[in-house]
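Numbering (my numbering), first residue to last: 186 to 523. What follows is a short report on a single structure.
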Amino acid sequence: MNASDALHVLFVTPYLPSLIRVRPFNLIKALAAQGHRISLLALHPPGDDAGGLSDLRGWCEWVRVVPLPRWRPLWNALQVLPGDTPFQAAYSRSPQMVRAIRQTLERNHFDVAHLEHLRGAEFGEALEGLPVVFDSVDSIALLFERALRQAPRWQSRFLARLDLARTRRYEGQLLHRFRRVLVTSPEDREMLLRLTPPPVPEERLIVLPNGVDLRYFRPMGLERRPDTLIFSGKMSYHANVAAALCLVQEVMPHIWARRPQVQVWIVGKDPPSVVRELAADDRVLVTGTVPDLRPYLAQAAVAITPLRYSVGIQNKVLEAMAMGTPVVTTPATCRALA
């Protein structure tokens with residue numbers, strides 16, 4: 186790429202890009218490798234993984250992190266409870282982040298801004314005057330519709346019912362607010378088009394699937410454990426909680442009836458108590474946060490992804506496949522890969 190073609194891109198994210206928040210992490214890496222100048226302004230919610238910061242600082246001209254106080258998301262939710270703003274859109278409201286964006290624009294010239302996720306959508310107002318690419322990633326309204334029908338835990342169904350109508354209205358305005366909107370799958374695209382009131386600027390909506398870093402996720406040559414299954418992901422995510430419960434409580438009894446020695450590894454950060462309690466069976470390992478997912482994927486005989494409902498493309502499937510680990514999954518997970 187010629188230097189004259191390189192863009193100065195301001196990435197604004199409501200969380201720290203990392204191997205857990207892998208989509209913006211990979212986008213920043215790829216754009217920097219193409220010669221674009223990247224600056225990152227990231228909100229840091231409590232407990233968010235900061236393991237990718239050193240890599241990000243190597244790819245970006247600068248990285249600025251704005252902490253989100255632990256009390257702020259709850260306060261934001263209470264403020265919008267009587268209104269029309271979805272909880273997801275209000276979650277990351279931060280006067281400090283808005284000030285940081287405005288200060289950044291006063292002191293620097295950018296060609297374009299990349300704004301991430303529904304939780305970051307409200308920062309679009311602070312980016313006024315700059316072309317903005319909004320990465321919706323998935324349709325949260327579509328996720329809530331599926332959770333309402335299929336989530337086994339009443340808490341997930343209650344939150345989906347509470348926020349669904351507001352999320353539909355909010356997502357229906359995205360194409361009118363931003364120059365370009367990205368989603369990961371055709372299903373998410375169809376949902377946003379259906380939610381958008383006419384006239385629908387369909388040309389603004391682009392499907393950009395998730396990818397996987399094949400230099401990082403690749404076969405490691407470790408010996409496989411023939412009676413070991415792995416389920417990986419961010420375990421605080423309600424769809425992953427439902428999948429972990431389904432795997433251990435509904436699927437594994439059938440397998441254990443024939444092969445009682447089979448082990449299950451549930452690998453990923455922030456498992457709630459209902460998932461940790463699955464380890465009461467000594468054939469189930471619940472790891473919590475691990476420094477490196479790859480050795481677990483490399484040694485497992487099969488990666489199993491029993492998601493009852495999902496949206497977008499599941500990185501856990503791509504990563505397992507990249508490492509040569511066979512994957513058994515559900516139609517809900519395969520739809521976006523077709």
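Just so it is clear, CB atoms sit at the ideal spot from N, CA and C, and this is done for glycine as well. Every value quoted in this text rests on a predicted model; they were computed, and no experiment measured them.
- Annotation note: the segment 333-398 contains the following uninterrupted alpha helix (DSSP H) runs of length 4 or greater, listed N- to C-terminal: 339-356, 359-362 and 371-380.
- Considering only PHE210, GLN340 and SER458, the residue with the shortest C-alpha distance to LEU241 is PHE210.
- Here ASP269 is exposed: its Cβ has fewer than 16 other Cβ atoms, across all protein chains shown, within 10 Å.
- Nearest in C-alpha terms to ARG493, of all of ALA429, GLN288, ILE213 and ILE223, is ALA429.
- If you ignore the 5 residues before and after PHE319, its C-beta comes within less than 6 Å of the C-beta of LEU300, PHE363 and VAL366, all in its own chain and listed in chain order.
- Annotation for LEU328: VAL496 place their beta carbon closer than 6 Å to its own, counting only its chain and skipping 5 residues before and after.
- Taking C-beta separations shorter than 6 Å and ignoring five residues to either side along the sequence, the partners of ALA507 in its chain run VAL397, LEU399 and PHE402, following chain order.
- By the 16-neighbour rule on beta-carbons within 10 angstroms, ARG410 is exposed.
- By the criterion of a C-beta distance shorter than 8 Å, LYS419 is surrounded in its chain by ILE205, ASN425, GLY453, LYS454 and ASP455, once the five residues flanking it on both sides are discounted.
- Distance between LEU482 and PRO267, taken at the CA atoms: about 45 Å.
- Between THR472 and TRP450, the beta carbon gap of about 7 Å places them in contact (Cβ cut-off 8 Å).
- The beta carbons of ALA298 and ALA274 sit no closer together than 7 Å.
- ALA505 and LEU344 have their C-alpha atoms spaced approximately 31 Å apart.
- When secondary structure is reduced to three states using DSSP, THR413 falls in the strand class.
- With respect to LEU378, ARG353 sits apart: the two C-beta atoms are not nearer than 7 Å.
- Secondary structure remark: continuous alpha helix (DSSP H) runs of at least 4 residues inside the segment 268-336, in chain order: 272-275, 280-292 and 325-335.
- Scanning the segment 213-242 from its first residue to its last, no whole alpha helix (DSSP H) run of 4-plus residues comes out.
- In the assembly as shown, TYR200 is a buried residue. Its beta-carbon has 16 or more other beta-carbons within 10 Å.
- Listed as beta-bridge partners of GLN448 by DSSP are THR413.
- The alpha helix (DSSP H) runs lying completely inside the segment 416-498 and spanning 4 residues or more are 423-431, 437-443, 458-461 and 479-484, given in chain order.
- It is roughly 7 Å from the alpha-carbon of LEU349 to the alpha-carbon of GLU330.
- The C-alpha of PRO271 is placed about 17 Å away from the C-alpha of GLU310.
- In summary, LEU259 is exposed, with fewer than 16 beta-carbon neighbours lying within 10 Å of its beta-carbon over all protein chains present.
- Inter-residue distance for GLU246 and ARG338 is about 44 Å (C-alpha atoms, whole angstroms).
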